[in-house]
Structure formats: C-alpha cells, structure tokens
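Below: one structure, written as structure tokens.
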Amino acid sequence: MTPTPDQSLDDQPARRPLRLELRGIRKAYPAVVANDGVDLAVAPGEIHAVVGENGAGKSTLMKIIYGMVRPDAGEMLWEGREAEVRSPVDAQRLGIGMVFQHFALFETLTVAENIALATPGRPAIADLAPRIAELATRYGLPVDPMRRVHSMSVGERQRVEIIRALLQSPRLLIMDEPTSVLTPQAVRRLFETLRQLAAEGCSILYISHKLDEIRELCERATILRGGKVVGICDPRAETPASLARAMIGAELPGFRDAAARSPGAMRLTVTNLSKPADGPFGTALGGISLGVRAGEILGIAGVSGNGQKELLAALSGEARSADATTVAIDGAPAGHLAPAARRRLGLAYVPEDRQGQGAIPVLTLSENALLTAARQGLTRHGLVQFGKLRAYAERCISSFDVRCGGPDAAAGSLSGGNLQKFIVGREVLQEPGVLVVAQPTWGVDVGAAVAIRQALIDRAAAGAAVLVVSEELDELFEIADRIAVIAGGRLSPAYPARLVDRDAIGLAMTGTFPPVPGDAAPVPHPPTPEAAHAAAP
Amino acid sequence: MPLRLERRPQPSTAMVYAAPLIAVGATVIVALVIFAAAGHAPLDALVMFVTGPVQDRYGVGEWLLKATPLILIAVGLTVGFRAGVWNVGAEGQLILGVIASGWLALKFGPGGSPLLLPAMIVAGGLAGAAWAAIPALLRTRFNANEILVSLMFNYVAQLWLSWLVFGMWRDPAGFNFPQSEPLAPAALYPIILEDTRLNIGLWIALAAVLAGWVLLSRSYIGFQLKVTGLSDAAARYAGFSTRRAVWLGMLAGGLTAGIAGVGEIAGPLGQIFPTASPGYGYAAIIVAFLGRLHPIGIVFSGLLLSLLYLSGDTAQMSLGLPSSITGLFQGMMLFFLLAADVLIFYRIRRRPAAAPAAAPVASATIAEAAP
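Protein sequences, first through last, are from chains A and B. When we follow UniProt numbering, the leftmost residue of the first sequence carries the number 1, and every step to the right adds one. When we follow UniProt numbering, the leftmost residue of the second sequence carries the number 1, and every step to the right adds one.
Put into structure tokens, the structure is as follows:
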C-alpha cells in the first residue's frame with residue numbers, strides 16, 4: 001500500500017506530498033525487536049491511528065519520530081525530504097509536537113512557568129500568558145496560565161501539555177494514549193480539539209488500543225503487531241472485532257457464561273472511611289462507604305489520582321485506621337489490622353503495580369507465590385515447604401495458562417499479561433472470600449485481559465465478594481454488577497451496571513453524583529451536554 | 001567514544017557464582033604486578049604469599065583461628081544485608097562483646113567457675129546485640145540512617161574500651177602497658193587442636209553457619225527478610241514488617257560480633273588490649289559479600305580473607321613488603337567483586353554519537369517512558 005522507495009520519488013509531485021513518511025524503520029532492544037521494517041505514511045491534515053497491543057512497538061515508533069530513540073535502520077521523510085531527527089529539539093524545529101501519556105510537568109510551578117521551561121528561547125512569562133490564553137480559547141482548552149499544576153486534574157494537565165505542543169505551531173502532533181486518563185466527556189472535547197486542528201492542516205498521529213475511539217476519530221490506521229506493520233485500513237469501515245483480530249492476530253476469545261450469580265451476604269463493608277491526605281499531592285478520603293456482597297462484583301471507576309491509591313491502601317491494610325469498624329471483612333472489624341491479619345480473615349488483594357509490589361521481578365515464580373500464599377500449607381514450623389511451594393506455583397501456572405519457563409523462571413522474564421495472570425491466579429487459588437483487584441488488565445494484552453476478567457467473574461460466582469478498581473470503563477461495564485465512582489476522595493453511590501450509561505458515570509467522575517436509578521424511573525437524570533461541560537474539570 | 005551501561009535481558013546465574021572467583025583472579029593478577037614491581041619473581045612470590053603461612057600444623061591452626069571471627073560475624077551481618085539493613089558497626093559490637101565478657105572474666109575469673117565461659121559468651125553476645133540495638137532503634141523510630149549511626153558507634157566503643165584498659169583495667173604488674181591482667185584459665189576457650197591456638201570458637205562459628213543457613217535459605221522469616229531487602233512495596237503488600245527486618249538484621253549482626261569479641265580475649269589474646277580486633281568487624285563485611293551473602297559461601301570467603309591476614313605477615317617477613325598489603329588486597333577483592341557484579345546485570349555498549357541532551361522536561365520523559 002505504501003509506495004516503494006523507487007516509485008515514491010516519481011509519484012510524489014503528482015499527489016500532495018506526505019507530511020511524514022517512514023520507510024523500513026527497525027529498532028532492536030536487547031530482549032526484543034521493537035520495530036521491524038515499519039513503514040508509515042501520514043498526509044497533511046490526516047488523523048492517523050497507530051494501533052496495536054501493548055508491546056507491539058507503537059511507543060518506540062513514536063519516540064523514533066520525536067527523536068528520543070535512534071532507529072537502527074530505516075529512513076524518515078518529512079514533507080518529501082529526508083530528515084534526520086537526533087533529538088526532540090530537532091523534531092520540534094521540523095514542526096513535530098508530542099503529548100505524552102505520562103505528563104512531565106513540575107507540580108509546584110504554574111502552567112505558564114511549566115510551558116516557558118519547555119519552550120526554546122525561554123520566553124518571558126508575561127509574553128507567554130496571553131498566547132496561552134489565546135490558544136486556550138481558540139481550541140476550547142480552558143486553562144488558567146497562572147494556576148499551579150498540583151491543583152489541576154489530569155484532564156487539565158493534559159490540556160497544558162497540548163497547549164505546550166501547540167505553542168510551537170506543529171504540523172504533526174503525536175498523541176500517545178491520550179484518553180487513558182480522561183472522563184468520557186473530556187474525551188469528547190479532546191476529539192473536537194483534534195478535529196479542529198486537523199481541519200487547519202495539522203496532521204495527527206493518534207496512538208491507542210481503544211478501538212471505539214479510533215473508529216470514531218481516525219481516517220486511517222496503521223496496525224502494528226510484534227513490531228511489524230500487519231495492515232493499513234480505514235477504521236471507520238471496520239468493526240471493532242475485525243480491528244481486534246488484526247491487532248492480536250487471532251479471534252478474540254469470548255467470555256464463558258458465568259453461572260447466574262445472586263448476591264448473598266455482605267462480605268466486605270467500608271463504613272464512613274475518612275483519611276487526611278498524606279502530603280500535598282495526596283488525596284484525602286471523605287466519608288467513603290460501600291458494601292460488596294457474596295457473588296457480586298463492585299466496580300470502582302474514576303480518573304486516577306482521585307483517591308484510588310488511598311482507598312486501596314485502606315482496604316489492603318497497608319494504611320491502617322484507628323477505627324476498627326471502618327473496614328469489615330465477613331462482619332469482622334478489620335480497619336485496624338495489618339495486611340497479614342486481613343488475609344487471615346479471607347481478604348486477597350491484587351495491587352496495581354505488578355513489578356515490585358505484586359511480584360518481585362528478580363525472584364522466581366515459586367518465591368513470588370510464597371509472597372502471599374504462605375498460609376496455603378506452604379510453611380511448617382517456620383520452615384518453607386519447598387516441594388509444596390513448587391506444586392502451588394505449578395498449579396497457578398497451569399490453571400491460569402501462564403506462559404513461562406516454569407516455576408523457577410524469574411517473574412521479571414514474563415510479559416506483563418502473563419505475570420498478571422500469575423498474580424491473579426496466586427490470589428484466586430487461595431479462594432478468598434473478599435478479592436480486591438486494582439487495574440486488573442492495565443497494560444495487559446487482549447487475550448490475557450479476557451482470561452483475567454473471566455477469573456474474577458468465576459471467583460464471584462464461587463461466592464466471593466469482588467471489588468475491582470479500574471480506569472477502564474469498558475472493563476467495568478463488562479464485568480461489574482454495580483459501578484461506583486470515586487472523585488476527589490469521595491465515593492458515589494453504586495449504580496447497577498445495567499441501569500447506568502457512560503454519561504452518568506462520566507458525570508460522576510466530575511464529582512457530581514447522580515442519584516441511583518430506581519426500578520420505577522428508567523434512566524433518570526440524563527446529563528445534558530452543557531451540564532457535563534460545565535462540570536468537567 | 002562514549003560508553004554506557006545497558007541492562008542485560010537475562011543475567012547469567014552461573015556468573016553470579018563465578019564472580020567471586022573472577023574477583024580473586026583479578027586480585028591475583030594485580031598482586032603479580034605488585035610483586036614484580038617490588039623486584040620479586042612474581043610467581044614465586046605469589047606461591048610464597050599464599051602457601052607460606054600454612055606450611056605446618058601451627059600455620060593451619062592460625063589460619064582457621066583467624067577465619068573463625070570473620071565467618072561468625074559475616075553470617076550475622078548477612079541476615080541484615082539480605083534485608084537491606086546495612087550494619088557496618090560490627091567492629092564496635094565486637095568491642096562491646098570484649099568489654100562485657102572481659103568484665104566478667106576479670107571479676108569472676110579467679111573463682112574458676114565452669115559457668116564463667118558460657119556466661120561470658122552470653123554476655124558478650126547480648127552486649128554486641130545491645131550496641132546494635134541503638135542504630136536499630138534510631139532507624140525504626142526516627143528513620144536515622146543505620147549505616148552512619150552504626151559506623152559512628154564503632155568509634156565510641158573503641159574509645160570506651162581504651163578508657164577501660166588505660167584506666168581501671170590496667171594490669172598493676174604490667175609495667176604500665178595498656179593491657180589487663182592475663183585472664184584466668186577458667187575464662188579461656190579450650191584448645192581443639194594440639195600445638196596450635198585453635199579453640200572451640202571454630203565450633204561456635206560453624207554452628208552459626210548452620211543456623212544462618214537454616215534461617216536464610218529454609219525459613220519463612222529468611223524469605224521475608226529477602227523480600228524486605230528487594231522491595232519495600234512488595235514487603236508492605238505481603239504484610240512483612242520492615243521494622244522487624246531492621247531489628248532482626250541488626251541484632252543478628254550484633255550478637256555474632258559480640259560473641260566474636262569474646263572469642264578474641266578468651267582465645268588467642270588471653271587478655272584485654274585496647275586493640276582487641278585487627279579490623280575483623282570491617283573485614284567481615286567483605287567476607288559476607290565475597291561469600292555472596294550465603295552462609296556456605298561465607299565459609300570459603302572467610303578462609304580466604306583469613307589467609308590474606310596471615311600472608312600480610314609473610315609478606316613483611318619474607319618479601320619485605322609492608323603488611324598493609326593485606327588491606328590493599330582486601331579492598332581490591334571487594335572492588336573487583338562489585339565491578340563483576342555490575343557486569344552481571346549490565347553490559348557495556350558503545351553509544352553511537354550521542355544525541356544532545358533534550359530540554360529537561362523531555363529528558364525526564366525519556367526516563368519515565370523507557371520501554
């Protein structure tokens with residue numbers, strides 16, 4: 001589909017010259033070939049998606065374009081001419097801007113100061129502020145240049161990053177997984193901004209693995225798999241299933257029908273849990289109450305940094321409460337208990353951070369199993385029963401289809417998805433009465449994500465109370481019976497997942513909690529676009 | 001051409017164990033160069049250096065005798081090192097063992113009770129542990145760095161011992177030399193090899209090796225210590241107490257160092273000097289790392305370092321080199337070991353013409369978004 005190098009020189013004058021063209025880009029890291037002969041063509045004013053699973057090589061490719069990584073082979077053409085981008089400064093000079101997935105802003109500085117720091121020539125704040133304000137109005141990115149970053153929501157921070165990139169008048173803007181931290185409403189507004197930019201002739205490279213967004217926004221998509229281009233298509237003409245098939249190279253496994261679950265006794269309750277923020281950048285928890293019944297999955301949605309970390313620490317016992325009654329496991333007050341004591345009451349916990357918290361990369365899988373599963377008869381008289389430990393790790397590996405070199409393989413040698421399957425397996429095999437899971441499929445490939453969600457559903461079906469904290473709304477709608485939203489350290493009521501839509505959840509993410517839809521009123525309180533707009537951070 | 005270190009995808013397990021041998025090999029090569037520079041036939045000097053001290057039964061006895069405190073202390077320190085608790089105060093803890101057991105020996109020695117020796121061992125161990133408890137307490141209560149505190153307390157202990165030996169413990173019949181009266185026979189370790197000074201301290205050290213092996217390699221507590229050393233977050237998640245790791249690590253090191261102190265005055269010294277230890281508390285740190293923080297490895301590295309101590313004397317007598325060459329070789333061995341360890345986990349790559357540093361913000365992002 002892309003012209004071969006020989007043709008392109010003759011072809012180019014006939015057509016509009018491409019804004020950016022990559023030919024045969026290759027980049028190998030010690031353990032993996034991240035890009036292997038990648039071609040990419042982006043026309044002026046085009047919104048072009050680069051899609052692929054985690055580890056498909058999307059981010060490496062973008063870093064090569066932005067001059068942060070030097071390719072081993074291949075060439076890059078900018079507006080028809082060969083260009084060598086040795087650093088982000090070179091890239092910016094050409095007219096390439098990039099908005100990163102993880103923001104690099106100084107929290108204690110103001111917006112204008114942050115932008116001044118990253119702008120060549122170090123302009124005076126006084127000159128910069130009106131330009132920021134102008135861009136902000138033109139593209140619908142309301143931001144106060146004099147506000148300090150630590151007081152801003154993630155969505156606002158992203159606006160700062162976008163404005164920072166726009167100040168350089170880019171002709172190509174790279175957006176790396178921009179929506180992973182945004183509310184649905186904020187996503188819609190971001191899309192408006194991007195469409196406006198594209199209409200003005202700026203090309204946009206949009207990196208994502210969210211297929212719905214790509215189908216909504218992008219005109220063309222380059223699909224990467226294992227570092228290679230496996231297809232170029234018009235995503236609007238594809239179905240999510242066909243895109244997913246191209247991305248993972250196989251049919252997407254479906255869910256087994258879980259046995260009909262009927263909620264039973266209350267197994268986990270949180271009652272009026274409040275905690276002051278630890279440090280200026282932490283989130284205070286304000287009067288959180290929730291309950292999860294046997295056989296039920298409660299999802300907690302919300303934009304990261306709204307108190308999830310603090311709530312999880314209070315649930316797991318890493319942060320203890322003076323008042324024992326704030327957390328109860330199977331009716332037993334546990335708020336004052338340490339993690340090990342809560343495990344004895346039947347709690348299991350899968351933390352968000354796999355490498356270093358949920359598992360230790362340099363230890364073997366067996367040793368990692370011992371991290372939380374010691375009570376499964378794996379120790380005796382204070383001594384580790386190595387035979388039983390190995391058997392437990394093997395059971396975990398086979399039951400959850402963990403692809404690895406066996407129980408003696410280092411945890412760090414596993415892919416993110418396989419390690420997560422192992423960790424979830426380690427917790428689930430302990431048959432916990434209460435299972436708390438943070439970001440179960442964050443950074444996990446599609447196939448493993450299905451397996452992990454299935455494991456959670458099965459655990460609930462077996463009578464456990466499951467609480468899932470996730471930033472992926474789709475995931476929560478897929479598995480949760482009820483969804484609550486955490487915003488600014490407060491928790492919304494739990495909405496039955498079948499009775500709410502994304503808009504209501506999105507509205508709750510802004511801190512305005514709509515009432516729980518009753519059986520009588522079908523879908524009350526549909527938030528108007530204006531209301532959502534006004535309430536969005 | 002700028003060089004950089006790049007993380008290896010899969011560090012070699014074999015090299016983890018080969019690294020001490022490589023470090024010893026590299027030290028030998030440097031030793032050969034030093035011998036040659038000093039005007040000796042390098043190989044002959046090396047053979048002399050290594051085998052000189054152990055040519056007779058007495059030499060072998062001395063070799064094991066000096067290895068005893070090194071092994072004993074290193075096993076105790078390893079309990080802490082595995083948990084990331086850096087007790088570098090073993091020297092001071094050893095001296096506290098000397099002070100406590102020395103006091104008992106001077107006071108009750110003439111009585112000749114058979115309980116004296118066990119009491120000295122217990123008191124010495126407890127005193128060392130108590131000395132180590134100070135940095136442990138400061139660390140767990142105020143998060144004070146245990147490296148600095150334990151190191152500083154070495155000097156305090158040393159001055160305390162000097163004050164005692166120069167003062168109230170000075171032997172009235174000792175011609176004013178700073179030394180105590182000779183200890184009574186009841187306060188001395190029994191000899192286990194005739195015609196040598198080798199004593200039951202060796203059995204104590206080997207018992208510590210066995211206990212250390214069970215604790216570190218077989219027990220759940222040992223696993224918890226290891227996890228604590230590797231990752232704070234994982235230890236908190238699993239519910240392993242960091243405080244307990246600090247206490248266990250510090251106390252184990254203090255206990256063994258204190259008992260090693262007893263072994264010095266009840267063994268080869270037979271009386272109390274201000275310099276009760278020729279730096280065993282520091283050398284044991286090298287022994288622990290050279291032995292890969294593993295009790296069995298520590299036996300070998302303890303024997304090696306002990307031989308180095310003896311060879312220093314040989315070097316002085318037979319080769320005309322200063323005995324401080326022992327410290328030189330000790331330091332070099334640790335240096336080469338650490339270098340080898342770096343190369344186990346990283347490899348050196350030449351960087352093609354380096355990209356100029358980007359704006360600070362951008363480079364922060366590079367670090368954050370590494371693949």
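Note that the Cβ used here is the ideal one computed from N, Cα and C, for glycine as well.
Check                                                                                                                                                                                                 : Outcome
Please tell me whether A/L467 and A/I505 are closer than 8 angstroms, where the distance is taken between their beta carbons.                                                                         : no
For A/M76, name the three-state secondary structure that DSSP assigns.                                                                                                                                : strand
Can you find a C-beta in chain B that's less than 8 angstroms from the C-beta of A/T372?                                                                                                              : yes
Assign A/A14 to one of two classes, buried (16 or more other C-beta atoms within 10 Å of its C-beta) or exposed (fewer than that).                                                                    : The predicted position of A/A14 is uncertain, since its pLDDT is 44 and thus under 50; a value taken from the coordinates is nonetheless stated next. Exposed.
Would DSSP call A/H48 helix, strand or coil?                                                                                                                                                          : strand
Would B/A276 pass as a contact of B/E264 if the rule is Cβ separation under 8 angstroms?                                                                                                              : yes
Buried or exposed for A/I479, please, with buried defined as at least 16 other CB atoms from any protein chain shown within 10 angstroms of its CB.                                                   : buried
Would you say B/G237 lies against chain A (beta-carbon separation less than 8 angstroms)?                                                                                                             : Reading the sequence as shown, one finds Tyr at residue 237 of chain B and not Gly. It does; some Cβ of chain A falls within 8 angstroms.
How long is the line joining the alpha carbons of B/A23 and B/I296, rounded to whole angstroms?                                                                                                       : 18 angstroms
Of all Cβ atoms in chain A, is any one closer than 8 angstroms to the Cβ of B/S12?                                                                                                                    : no
I'd like the list of long-range same chain contacts for A/R354, defined as Cβ closer than 7 angstroms, with 5 residues on each side in sequence excluded.                                             : G416, L419, Q420 and I423
Does B/N199 come out as helix, strand or coil in the three-state DSSP assignment?                                                                                                                     : strand
Given this structure, state the Cα-to-Cα distance separating A/V428 from A/A455, to the nearest angstrom.                                                                                             : 8 angstroms
What residues in the region 380 to 409 of chain A bring their beta carbon closer than 7 angstroms to a beta carbon of chain D?                                                                        : Among the protein chains of the structure shown, namely A and B, there is no chain D.
Can you list, in chain order, the residues of the region 343 to 364 of chain A whose Cβ is nearer than 8 angstroms to any Cβ on chain B?                                                              : R343, Y349, P351, D353, G356, Q357, G358, A359, I360, V362 and L363
Considering only residues of the region 477 to 519 of chain A, which uninterrupted alpha helix (DSSP H) runs meet the minimum length of 4 residues and lie entirely inside it, listed in chain order? : 502 to 509
Assign A/N54 to buried or exposed, taking buried as 16 or more other Cβ atoms, counted over all protein chains shown, within 10 Å of its Cβ.                                                          : buried
Hey, quick one: how far does the alpha helix (DSSP H) through A/D143 stretch, first residue to last?                                                                                                  : Looking at the sequence shown, residue 143 of chain A is not Asp but Val. Where A/V143 is concerned, there is no enclosing alpha helix (DSSP H), given that its DSSP letter is neither H nor E.
For a minimum of 4 consecutive residues, which ranges assigned as the alpha helix (DSSP H) are wholly contained in the region 343 to 421 of chain A?                                                  : 365 to 373 and 386 to 399
Where does the unbroken alpha helix (DSSP H) through B/A74 begin, and where does it stop?                                                                                                             : R57 to R82
Check whether the Cβ of A/A411 lies closer than 8 angstroms to any Cβ atom in chain B.                                                                                                                : no
Please list the partners that B/F81 has in chain A, where partner means a Cβ-to-Cβ separation under 9 angstroms.                                                                                      : Ordered by position in chain A, no residue passes the 9 angstroms Cβ test against B/F81, which lies about 16 angstroms from the chain.
Could you give the C-beta distance for A/L173 and A/A165, rounded to a whole number, given that I count them as a contact under 8 angstroms?                                                          : 6 angstroms
Check distances from the C-beta atoms of the region 202 to 226 of chain B to those of chain A and list, in chain order, the residues that come in under 7 angstroms.                                  : R218, S219, Y220, I221 and F223
In the DSSP assignment, the beta strand (DSSP E) including A/E21 goes from what residue to what residue?                                                                                              : L20 to A28
Checking 8 angstroms against the spacing of the C-beta atoms, do B/I200 and B/I192 come in under that value?                                                                                          : yes
Considering only the alpha carbon of each residue, which of B/P69, B/G312, B/F273 and B/I221 lies closest to B/L198?                                                                                  : B/P69
On a Cα-Cα basis, can you pick out the residue from A/P517, A/T510 and A/I486 that is closest to A/D501?                                                                                              : A/P517
Whose C-beta lies closer than 6 angstroms to the C-beta of A/P361 among residues of the same chain, with five residues either side of it excluded?                                                    : Q355, A411 and G412
For B/F336, count neighbouring Cβ atoms within 10 angstroms of its own Cβ and tell me buried if that reaches 16, exposed if not.                                                                      : buried
Please compile the residues from chain A whose C-beta is within a distance smaller than 7 angstroms of the C-beta of B/P233.                                                                          : Note that residue 233 of chain B corresponds to Ala in the displayed sequence, not to Pro. Near B/A233 (Cβ distances below 7 angstroms), the residues of chain A are D353, G356 and Q357.
Taking A/D39 as part of the beta strand (DSSP E), name the residues at either end of that continuous run.                                                                                             : V33 to V42
For the alpha helix (DSSP H) holding A/G155, just list the boundary residues, first then last.                                                                                                        : V154 to L166
Below 8 angstroms between beta carbons: does that hold for A/A116 and A/M146?                                                                                                                         : no
How about A/N35 and A/R23: do their beta carbons lie closer than 8 angstroms?                                                                                                                         : no
In the DSSP assignment, find the beta strand (DSSP E) that holds A/I223 and state where it starts and stops.                                                                                          : R220 to R225
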